[in-house]
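First comes the structure, then the notes that go with it.
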Amino acid sequence: MMITRFRIHCARTFLALLTVISLWGCSKEYSRESPVTGPVEQPAEMAAYALEHQGGSCSDAVVTGTFKAGTPVAAGAKIQVTVQVAIPGTWILTTGNVNGMEFTGGGTFTATGKYTITLMGRGTPQQEGSFIFPLKTSGSSCGVTVKVSGDGPEIPAPPADFYYKMTVNGKDYVQEVTDASLYVLVSQTTGGTDVLLGTGISWAGSANLPLGKTEMIIAKGMLANFDAASDLEFKNFFQPGNYNYMTMNNQTFGNGMLLTWTDEKGVTWTSLNGATNQPDGTFAIMSAEDWSGYPGYYGVKVKMKFTCKLYNEAGAELTITNGEMVGGFLKKR
């Protein structure tokens, strides 16, 4: 049975120059030429081309392969990017060494136009995290992000109905609600006439969250006239769509989404940034469906996706990407 509580606790281009030297011989009485034994190779023409990019990122880069700290890059690991060729010719492109790895490729463009080029990976990643591999041609540059996992076992996708998962500064976190995990789904209603509604994945194994464990809470405010709200009005409060993050003025909760995460060291982080919103953050409710998980009370099962910054009391910040939670909100005080 669900426990209802809410605990916040550049790339480099190499140019090959070939010089053909003709030797001429002469004498006072005769003029001679050395015999021609084969065709003379002409210098290779280097291509002129530009990387397709958006801002500082290669716009349609595709990274193939699994990259793990301490494990040599497997055969077949590669980066593919699109280039626009202005002058056909040979090309060589490399990212240079980043975190113990590099991606290099070369070939020939036979005509102008758009091409997809492939740079093969090699080396051994040294650290986990997300790393930008720079590419540069004459007149264009961009970066490709490659994610390196830790040297532990791969984290499987959550099999449970309720879970959270996200990437924090390049490191993946996943926690689901199962009997074996000692985690529970939590729900709480906070406020008077207008309320803040929260749900989360919380530790239930002991009074305090142990080191090495994490918790995640997501709240949405503010639902007006909560006690008079019908089940339909309650459900419509979680209508699928995009939502802003919450700001606080004079210690008062406002409208929008509020995230609170406790990391494995026991440090609490929140999406609140004073009166400033999250200009680069995104939050979307993907689905909301009737949920009868707590007898006698109406509930809504909600799937949410998000990216944002999280802050702690010391002013440090974390970058959250690939965030996702499936939680349950109860119409219950």
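In this note's numbering, the protein residues as written are -6 to 326.
From the three backbone atoms N, C-alpha and C, an ideal C-beta is built for every residue, glycine too.
Please read these numbers as outputs of a predicted model, since none were measured by experiment.
From this set, the options, which residue's C-alpha is nearest residue i's C-alpha?
i	options	result
LEU204	LYS258, GLY191, ASP224	LYS258
PRO262	GLU310, TYR166, PRO127, LYS324	Looking at the sequence itself, residue 262 is Trp, so the reference to Pro does not match. Closest by alpha carbon: GLU310.
PHE230	VAL55, ALA217, MET239	ALA217
LYS140	ASP53, GLY49, SER123	SER123
THR269	ASN237, ILE278, GLY289	ASN237
GLY114	ALA222, GLY132, GLY89	GLY89
ALA281	GLU226, LEU303, SER131, GLY69	GLU226
TYR42	TYR290, VAL55, LYS107	LYS107
GLY286	GLY320, THR245, LYS71	GLY320
GLY49	MET94, LEU128, PHE155, GLN73	LEU128
GLY98	ASN92, ASN235, THR87	THR87
ALA68	VAL76, THR75, GLY58	GLY58
LYS228	ILE278, GLY289, THR75, MET318	ILE278
ASP220	TYR290, VAL74, ASP154	TYR290
LYS71	PHE126, SER52, LEU44	PHE126
GLY143	GLY163, PHE155, CYS135	GLY163
ALA222	PRO288, GLY308, GLY292	GLY292
ILE211	PRO288, GLY308, PHE155	PHE155
Excluding five sequence neighbours on each side, which residues of the same chain lie with their C-beta closer than 8 Å to the C-beta of residue i?
i	result
ALA104	VAL78, PRO81
THR101	ALA40, PRO81, GLY82, THR83, TRP84
LEU175	TRP196, ALA197, GLY198
VAL260	ASN305
Tell me, to the nearest whole angstrom, how far the beta carbon of residue i is from that of residue j; I am working on the premise that it is less than 8 Å.
i	j	result
PHE322	SER180	6 Å
LYS325	THR182	6 Å
ASN248	GLY214	6 Å
SER264	LEU303	6 Å
VAL56	VAL137	7 Å
HIS46	SER131	Not a contact, Cβ separation roughly 14 Å.
VAL177	ALA197	4 Å
THR207	ASP256	6 Å
Within a Cβ cutoff of 6 Å, which residues of the same chain sit near residue i, ignoring the five residues on either side of it in sequence?
i	result
THR160	THR314, ASN315
GLU38	GLY82
LYS294	GLU282, TRP284, GLY321
MET209	TYR157, GLY193, ILE194, TRP254
ASP53	THR75
GLU317	LYS158, LYS298
ASN235	ALA277
THR111	LYS71, GLN73, GLY98
THR109	GLN73, THR75
ASP224	TYR291
To which residues does DSSP link residue i through a beta bridge?
i	result
TYR304	THR263, GLU310
PHE155	BP columns for PHE155 are empty, so no partner.
TYR238	MET250
TYR176	TRP196
THR109	THR75
GLU95	ARG115
THR83	MET39, THR101
GLN47	SER50
MET209	ILE194, TRP254
LYS140	SER123
MET165	Note that residue 165 corresponds to Asp in the displayed sequence, not to Met. THR160.
THR130	SER133
THR183	LEU189
VAL66	None, per the DSSP bridge assignment.
GLY292	TRP284, LEU323
VAL55	GLN73
GLY214	LEU189, GLY249
MET318	TYR157, MET297
PHE276	PHE299
LYS61	SER142
Grab me the residues of residue i's own chain with a C-beta within less than 7 Å of its C-beta, minus the 5 sequence neighbours each way, in chain order.
i	result
GLU306	none
PRO149	Note that PRO149 has pLDDT 49, beneath the 50 cutoff, so the model's placement of it is unreliable and no number is given.
ASN92	PRO118, GLN119, GLN120, PHE124, VAL141
PRO233	ILE278, MET279, SER280, ALA281
GLN271	TYR238, SER264, CYS301, LYS302
LYS135	The sequence as given places Cys at residue 135; Lys does not occur at that position. Only LEU44, HIS46, GLY49, SER50, CYS51, LEU128 meet the Cβ criterion.
GLU95	THR87, THR88, GLY89, ARG115, GLY116
THR312	ASN162, LYS302
Could you tell me whether any Cβ in chain B is nearer than 7 Å to the Cβ of residue i?
i	result
ALA281	Of the protein chains in this structure there is only one, and it is not chain B.
Any contact between the segment 117 to 135 and the segment 54 to 65? By contact I mean 3 or more CB pairs, one from each, below 8 Å. By the Cβ test, the segment 117 to 135 is in contact with the segment 54 to 65, since at least three Cβ pairs between them sit closer than 8 Å.
Quick one: any contact between the segment 247 to 265 and the segment 296 to 307, if contact means 3 or more CB pairs under 8 Å? Taking a cut-off of 8 Å on C-beta distances, the segment 247 to 265 touches the segment 296 to 307, as three or more cross pairs fall below it.
Pair every Cβ in the segment 164 to 171 with every Cβ in the segment 183 to 193, then say whether three or more of these pairs are closer than 8 Å.
-> Three or more Cβ pairs closer than 8 Å define a contact, and the segment 164 to 171 falls short of that threshold against the segment 183 to 193.
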